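Residue numbers (the numbering used here), protein chains in the order written: chain A, 1 to 303; chain B, 1001 to 1303; chain C, 2001 to 2303; chain D, 3001 to 3303.
A short worksheet on the structure shown next.
There are 4 protein chains.
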Amino acid sequence: MPTILGQNQYGKAENRVVRIVRDGDTHHIKDLNVSVALSGDMEEVHYSGSNANVLPTDTTKNTVYAFAKEHGIESAEQFGIHLARHFVTSQDPIHRARIRVEEYAWERIAAPGAGEVKHSFVRKGQETRVSQITFDGSRWEIISGLKDLTVLNSTDSEFWGYAKDKYTTLREAYDRILATDVSARWRYHWTDDTEPMPDWDNSYDRAREHMLHAFAETYSLSLQQTLYQMGSRIIDARDEIDEIRFSLPNNHHFLVDLEPFGLKNDTPDGAVYFAADRPYGLIEATVLRDGAEPRIPLDMTNL
Amino acid sequence: MPTILGQNQYGKAENRVVRIVRDGDTHHIKDLNVSVALSGDMEEVHYSGSNANVLPTDTTKNTVYAFAKEHGIESAEQFGIHLARHFVTSQDPIHRARIRVEEYAWERIAAPGAGEVKHSFVRKGQETRVSQITFDGSRWEIISGLKDLTVLNSTDSEFWGYAKDKYTTLREAYDRILATDVSARWRYHWTDDTEPMPDWDNSYDRAREHMLHAFAETYSLSLQQTLYQMGSRIIDARDEIDEIRFSLPNNHHFLVDLEPFGLKNDTPDGAVYFAADRPYGLIEATVLRDGAEPRIPLDMTNL
Amino acid sequence: MPTILGQNQYGKAENRVVRIVRDGDTHHIKDLNVSVALSGDMEEVHYSGSNANVLPTDTTKNTVYAFAKEHGIESAEQFGIHLARHFVTSQDPIHRARIRVEEYAWERIAAPGAGEVKHSFVRKGQETRVSQITFDGSRWEIISGLKDLTVLNSTDSEFWGYAKDKYTTLREAYDRILATDVSARWRYHWTDDTEPMPDWDNSYDRAREHMLHAFAETYSLSLQQTLYQMGSRIIDARDEIDEIRFSLPNNHHFLVDLEPFGLKNDTPDGAVYFAADRPYGLIEATVLRDGAEPRIPLDMTNL
Amino acid sequence: MPTILGQNQYGKAENRVVRIVRDGDTHHIKDLNVSVALSGDMEEVHYSGSNANVLPTDTTKNTVYAFAKEHGIESAEQFGIHLARHFVTSQDPIHRARIRVEEYAWERIAAPGAGEVKHSFVRKGQETRVSQITFDGSRWEIISGLKDLTVLNSTDSEFWGYAKDKYTTLREAYDRILATDVSARWRYHWTDDTEPMPDWDNSYDRAREHMLHAFAETYSLSLQQTLYQMGSRIIDARDEIDEIRFSLPNNHHFLVDLEPFGLKNDTPDGAVYFAADRPYGLIEATVLRDGAEPRIPLDMTNL
């Protein structure tokens, strides 16, 4: 047979699960989008269509909802660990499970009337928290992160001294806007069930904070430099994280030429910019703890 | 001639303008998406292609950027007023200008390093503030609002006692999630240059707050009732607003049936829901001050 | 009471219904997205939350699916007429029904194997056909059209002789690309059940064809002129259509300046363009049969 | 130093380039979205912000437009080869270039008027053709494919005989709709400049055709089986292709339960389905020529 089957996986994607916990009158909400991908002894279903080894994707969906009730949702990572362990340990033909989670954050509505309202929420609407939990029956790989966190520095950014060729027309910039939509994925050192897990939520909060601070505090000569500062600050400060990868679009803000209208645009009191859509610079890189093996896939930050 | 020209308008849409104001080391940011639509003596350009009365859309774009420098951006409404007045009063063939603005909110990054960082921002990412400013040379119409403000009550919502026909299978609900993405547009009483303008930003903040509080505090027997509470609270509390229209999708959260797995889902300590995409209920209505004329177009809340 | 209820409507939006008809081995497919909006005696549900007059949106959904089986889907318009008539005539409190339909076109896969395959389809993927059917118990209003039909002329378009002011910097163009995404809505003359209906599908095909031909054949001095040619050709040729409205973004294709690289871009054998996203010119207008009353809402072409 | 730099790349993404070629009155159009990613000696820009090795992303944009004029656009693949070779051979610090291209297809408008119109086009709007061209100075890797090709079989699909656990509630199906949005990437055998290149356009057309035919002709017991048929038919028929990977969402069409309304839905003359959005099954797999090394990244089909 001249053709063979390579890597394959299947499952139910984008199960939207909302879990409400009632602590008396005070409610808590978790809002997730969960995708299941299973691999294993799946040759036959591809070759002949025999589904004998195939747990239906519909069953994986049911499991997501049942586990949200049975185990609760402590964190995206912990929920994914429950699911991945279940699929690999309960179905012989399944050798590997990968759970992807998106989490949407909510905050309480502070309404003065009717006592204090403890069951009303408004979606925070900023970044989306993401996590990928993979289990092969013996070792874990947890890659977490965020996407669509839009940040902007209105000064302390320059770009000059670059290589030039016959197609170079760009003028050097000594004070520009630097803006990007942060997409980041970091890999945890934890792989072994017998070792204590990180505090997933605290780790997320601290990593996010370090990124924002590094972005704000770096006097930037290039977006690459800012990226590296964001990554290395996390590796330095968080022992539980071994690797982080970023995809940072350069959200160009072009100074508008107002000279034809007798206006000076870039003055000490500020300026007017055109926020462009496409094309955009795209800066991607991995930052690693020395000695760690790079494992975050290159395009994962573009999903 | 059997065919004639009806209502028409033209202009440059979606001019993305960012204005930075520098107050010493402290920077301020305004981030808008501005669309211009002009009407007037435009028969010839449609009939023969003569552009003699047509100020190019490119010129309307330039004007947006120049005005951001010349006049600054005090508020979306004030900026639109500057623009609309300019087009109608400076070009004889232009009899009416309509400016639409989307505004994206930013908040400061509180970074501890390097003193306090006063030029670093993260996009708030919640609702989009919108405004439509129309001027016909004598009167103004200002319709402002917001879209994509997602809210959820995890209890205090029922739905029962409804009409039934042969196609009705829905079971009555005595405790359900109520969730929606608020799209609202309110019309200001102000139409006359000689009268004092409202404080646009304060009015926006108060209207938004009233909506959130009314949503949180209403024990809801139907989304229509909640909508009316949201609208009437604004009309009652804000003299400067005469009319408000809402488009509220019913973001269905279906209680998952976990009985087949031996689990009771809806228990005193909470429950698990499936957040559905399509189809969704869609509730739309206008709430008016008694005596006010309805002028907000029906589909405006769907744009 | 200082506040009152204005226009309001409710129903289930975006019911995705696919109907397969089997004619022996030959299958036929209809693929619609149907939205229902009902109005009538709905004060109480807004004021007190009483649902006594409210047929649930869930029931309107069920009706869409049941009618697809009971009546079939002859055309988007005919299907909407069945639905609108049903809601208004079967529920006393409902005085008006508005059905919106999007239709996605499919074409057959011509596969040589296994005889001829008569149940395999590939989505055409070009424009989306749309229709809005409104019934108030006595008269009909049918507005049909399309959106996202992207067209481009690579020559025979100019733009010059326009008005100039101090913000005008645009250079005149004597040979440019003209491109747009056509969004059009046309209103049928038919309003009365006792008169024969148009052939909806044939009318759609002819109107679409006239638009494409008028776009291709018009030597354009402005996008407004092209718009008017597209509209008047339909009004002239199709007696059943009284009014048409267009929203035509000017999809700018800017000639790239290649002089810095020693290249002449605009040569007799062709040129290279940058296809821009935002901002874009936006040209909107209604074309009417003389004597017809304009009824298509201004923003309907932007939905 | 505890942190180090891992894989990194940068460049200008989403350069929208339209190339018109004039062959007398007959025009030809190529419409691409081109993204450039360069790698090499880039440590310093990350560590210190020195841009000495950084050819600006703006220059890579200029190069795309200049090359469209200098070299023309014979095919997406050939255009990417020109660009990748240029960056790697002309800039010492650049050791690897990856060019990604999306191509949008157009067809001619057949207008009867004014002779035959040879410069008017309508966008085909079906699948998007994609290609990724990578060069490291010595070897090439060309991965091409398509996305968003939506197909549907209205019969000849079953699903039964699957594994069951305590969370399984799905009923077996003996005649169902099978529908998916095909995303496929295939890798060419060609890697060496000294060997003759494939005919890229012909290879694309044939691969697309084989996929459609295999989809239509396979009596399917699972989407995995259909996927494998689509892949193996290409590997069997096209010597120039060594590997292909698919991501196939299972676009669920659920038979609507019309029993409560006294209707039998699934009858010999056809049925009515609800086309669901989320969640969806997601089937992904690689099909390889025996002996070929798998190199297409797992997530590439999800971009």
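Note that beta-carbon positions come from the ideal geometry of N, C-alpha and C, so glycine has one too.
This structure is a prediction, so every number in the text was calculated from the model and none was measured.
Cα-Cα separation between residue i and residue j, rounded to whole angstroms
i           : j           : result
Ile-94(A)   : Leu-1258(B) : 24 Å
Thr-3301(D) : Tyr-10(A)   : 14 Å
Trp-2106(C) : Glu-3172(D) : 28 Å
Val-182(A)  : Leu-146(A)  : 8 Å
Thr-2180(C) : Glu-3102(D) : 20 Å
Leu-178(A)  : Arg-1123(B) : 13 Å
Tyr-1273(B) : Thr-1150(B) : 17 Å
Arg-2185(C) : Met-2211(C) : 12 Å
Ala-1292(B) : His-1046(B) : 37 Å
Glu-3127(D) : Gln-2126(C) : 10 Å
Gly-3072(D) : Ile-1099(B) : 42 Å
Ile-2142(C) : Ile-2029(C) : 23 Å
Lys-12(A)   : Glu-209(A)  : 33 Å
His-2119(C) : Ser-3247(D) : 23 Å
His-3213(D) : Ser-50(A)   : 22 Å
Ala-1037(B) : Gln-2224(C) : 14 Å
Asp-1175(B) : Asp-1266(B) : 10 Å
Phe-121(A)  : His-27(A)   : 10 Å
Ala-1084(B) : Pro-279(A)  : 31 Å
Tyr-2228(C) : Pro-112(A)  : 56 Å
Ile-1241(B) : Ile-2004(C) : 14 Å
Residue from the options with nearest C-alpha to residue i
i           : options                                            : result
Gln-1091(B) : Ile-2004(C), Lys-2166(C), Gln-2225(C)              : Lys-2166(C)
Gly-137(A)  : Val-88(A), Glu-217(A), Val-17(A), Arg-206(A)       : Val-88(A)
Glu-1284(B) : Ile-1296(B), Asp-1277(B), Ala-1292(B)              : Ile-1296(B)
Leu-3221(D) : Ala-3037(D), Glu-3293(D), Phe-3159(D)              : Phe-3159(D)
Tyr-2320(C) : Glu-2107(C), Glu-2102(C), Glu-2077(C), Val-2017(C) : Coverage of chain C is limited to positions 2001 through 2303, which leaves residue 2320(C) absent and any answer about it impossible.
Gln-3007(D) : Leu-303(A), Ala-292(A), Val-287(A), Gly-291(A)     : Val-287(A)
Thr-3134(D) : Ile-3234(D), Glu-3243(D), Gly-3080(D)              : Gly-3080(D)
Asp-1979(C) : Asp-2239(C), Asp-2031(C), Ala-2068(C)              : Since the first residue shown for chain C is 2001 and the last is 2303, residue 1979(C) is missing from the structure and cannot be characterised.
Pro-1260(B) : His-28(A), Thr-63(A), Ala-275(A)                   : Thr-63(A)
Gly-2024(C) : Leu-3298(D), Thr-3155(D), Asp-3242(D)              : Thr-3155(D)
Arg-3108(D) : Ala-2111(C), Ala-2068(C), Asn-2153(C)              : Asn-2153(C)
Asp-2201(C) : Glu-2243(C), Arg-2129(C), Asp-2175(C)              : Arg-2129(C)
Thr-3169(D) : Pro-56(A), Lys-12(A), Glu-43(A), Thr-194(A)        : Pro-56(A)
Ala-1076(B) : Asn-1053(B), Ser-1035(B), Glu-1116(B)              : Ser-1035(B)
Phe-1254(B) : Ile-4(A), Tyr-280(A), Ile-20(A)                    : Ile-20(A)
Phe-1067(B) : Ala-271(A), Leu-282(A), Pro-249(A)                 : Ala-271(A)
Asp-1058(B) : Glu-1070(B), Glu-1074(B), Asn-1015(B)              : Asn-1015(B)
Asp-193(A)  : Pro-249(A), Asp-236(A), Ile-241(A), Gln-78(A)      : Gln-78(A)
Lys-3069(D) : Gly-2281(C), Gly-2262(C), Pro-2294(C), Arg-2233(C) : Gly-2262(C)
Beta-ladder partner(s) of residue i, from DSSP
i           : result
Leu-170(A)  : None; Leu-170(A) has no bridge partner.
Gly-2011(C) : Leu-1282(B)
Thr-2134(C) : Arg-2098(C), Glu-2141(C)
Val-256(A)  : Looking at the DSSP assignment, Val-256(A) forms no beta bridge with any residue, so it has no partner.
Asp-181(A)  : Thr-150(A)
Thr-3191(D) : Looking at the DSSP assignment, Thr-3191(D) forms no beta bridge with any residue, so it has no partner.
Trp-1186(B) : Ser-1144(B), Ile-1244(B)
Leu-2979(D) : Residue 2979(D) is absent from the structure shown; chain D starts at 3001 and stops at 3303.
Ser-1157(B) : Ser-1220(B)
Any non-hydrogen atom of the ligand ADP closer than 6 Å to residue i Cβ
i         : result
Val-18(A) : With respect to the ligand ADP, the structure shown offers nothing to examine, as it has no ligands at all.
* Which residue spans inside the stretch 2024 to 2099 of chain C form an unbroken alpha helix (DSSP H) run of at least 4? -> If only complete runs of 4 or more residues are kept, the stretch 2024 to 2099 of chain C shows the alpha helix (DSSP H) at 2043 to 2047, 2057 to 2070, 2076 to 2090, in order along the chain.
* Asked: Quick one, which residues of the stretch 1165 to 1178 of chain B are near chain D if we go by CB-CB under 7 Å, in chain order?
  -> For the stretch 1165 to 1178 of chain B, which is checked against every Cβ of chain D, the residues closer than 7 Å are Lys-1166, Tyr-1167, Thr-1169.
* Check distances from the C-beta atoms of the stretch 3189 to 3212 of chain D to those of chain C and list, in chain order, the residues that come in under 7 Å. => So the close ones are Leu-3212.
* To do: Identify each residue in the stretch 3261 to 3274 of chain D for which the Cβ-Cβ distance to at least one residue of chain C is less than 7 Å, and report them in chain order.
  => Per Cβ criterion, the list reads Phe-3261, Leu-3263, Asn-3265, Pro-3268, Asp-3269, Gly-3270, Ala-3271, Val-3272, Tyr-3273, Phe-3274.
* Asked: Mind listing which residues of the stretch 3232 to 3263 of chain D have their C-beta closer than 8 Å to chain A's C-betas, in chain order?
  -> Residues Ser-3232, Ile-3235, Asp-3236, Glu-3243, Arg-3245, Pro-3249, Asn-3250.
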